[in-house]
Amino acid sequence: MKIGLSSYSFRSLMQSGAMQIEDIFEWVGEHGGDHLELSTHSVAPEGQDVQYELGNDAEMLKRLTDASQRSGVPISGICTSGNFIDDSERAFQLSRLKHYVELCDKLGVRFLRHDVVPWSLRATDPGQFEAAFPVITDATHELAAHAGRYGVTTSVEDHGFFMNSSERIKRLQHAVNLPNFKLTVDIGNFLCVDENPRTGTRACLSEASFVHIKDFYVRQTAPGADWLQTIGGQAIRGAVFGYGDLPVRSIVEDIVASGYDGFVSLEYEGNEPAQFGCEIGLKNAKAMFAAAAGR
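In this text, residue positions in the sequence shown follow my numbering: the first is 5, and each later residue adds one.
Printed below as a string of structure tokens:
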């Protein structure tokens, strides 16, 4: 198991200027992380999350590769947005994601996680998902087929409110039916659609190419304004890994028992200071995985 962090965990520090991407690689190496997964949103200029294209930023690409080499911390995967549901956007989105596949190959990165709809999209009627599914499948298949020629594995994640739940992401993986199209299994995001995190994770582990770990506080009603509302009206907020309400120790045991032995990324999204949340969360994660493996 290779346990590291997502660059998204440090996004607030990078946006404020308190840390640069070089500092993130050094921090991960100094704190015993095995890798850094790169979220393109974390290196985008403020306010340009959707418009930013890493492949067009030669300066940032050089900084990334130099920082990885200096620190000895590899870039394990790239996470970026995607939108196949919009007819006017689909061709453009496919083209840009194919460029991300080629960028992965150029950087020696073998995993690309992409969205297929905007993160915030919520269905407005029961038939919306069924109507969108065929075009999402076709576009995802085309992208995965392109990635296969480069030895890159693409994946979708239980992310947001539309292409989420173990049933939906497994259904897409089955429909695409290519050996290099898998699932990024995020143990916490199932809560966005009110699925039990442990049963959702268990259902998807056999098809996982990547695993994200995180923790949430969960309340039936929001105690304040900074809580995210789930599809069913629950309230969730990011927590330090091991401090929240998810059964993370049991989920870690399930991951180890499944035989998964790839990259695991900690995504810290809490309100506590980012370096504190990342440091304690990484320590807790490494201790839980070691205990589950009997070490």
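Using N, Cα and C, we set each Cβ at its ideal position, and we do this for glycine too. Values in this document were obtained by computation on a predicted structure and should not be read as measured data.
- prompt: Do you know offhand how far H150's Cα is from K186's?
  reply: 14 Å
task: Would you list the residues sitting across from G274 in a DSSP beta bridge?
output: G242
- prompt: Helix, strand or coil: how does DSSP classify T188 here?
  reply: strand
message: Between the stretch 95-109 and the stretch 126-140, can you find at least three pairs of beta-carbon atoms closer than 8 Å?
response: no
task: State whether the stretch 170-182 contacts the stretch 144-161, with contact taken as three or more CB pairs (one from each stretch) at a distance under 8 Å.
output: yes
- prompt: If you compare alpha carbons, which of Q19, G76 and T84 is closest to G8?
  reply: G76
- prompt: Once you ignore the five residues that flank M167 on each side, which residues in its own chain have a CB closer than 8 Å to its CB?
  reply: D119, V120, V121, I140, V160, I173 and L176
message: Short of 8 Å in beta carbon distance, which residues of its chain neighbour Y154, apart from the five on each side in sequence? Order them along the chain.
response: V105, E106, C108 and D109
task: Flag this pair as yes or no: are the beta carbons of D219 and A243 separated by less than 8 Å?
output: yes
task: Count the other C-beta atoms from every protein chain shown that fall within 10 angstroms of the C-beta of Q97, then say buried if there are 16 or more, exposed otherwise.
output: buried
field: Buried/exposed call for V47, threshold 16 Cβ in 10 Å
entry: buried
query: Pick from V113, D91, N87 and E63: whose alpha carbon is nearest that of P78?
result: V113
field: DSSP state of Q52 mapped onto helix, strand, coil
entry: coil
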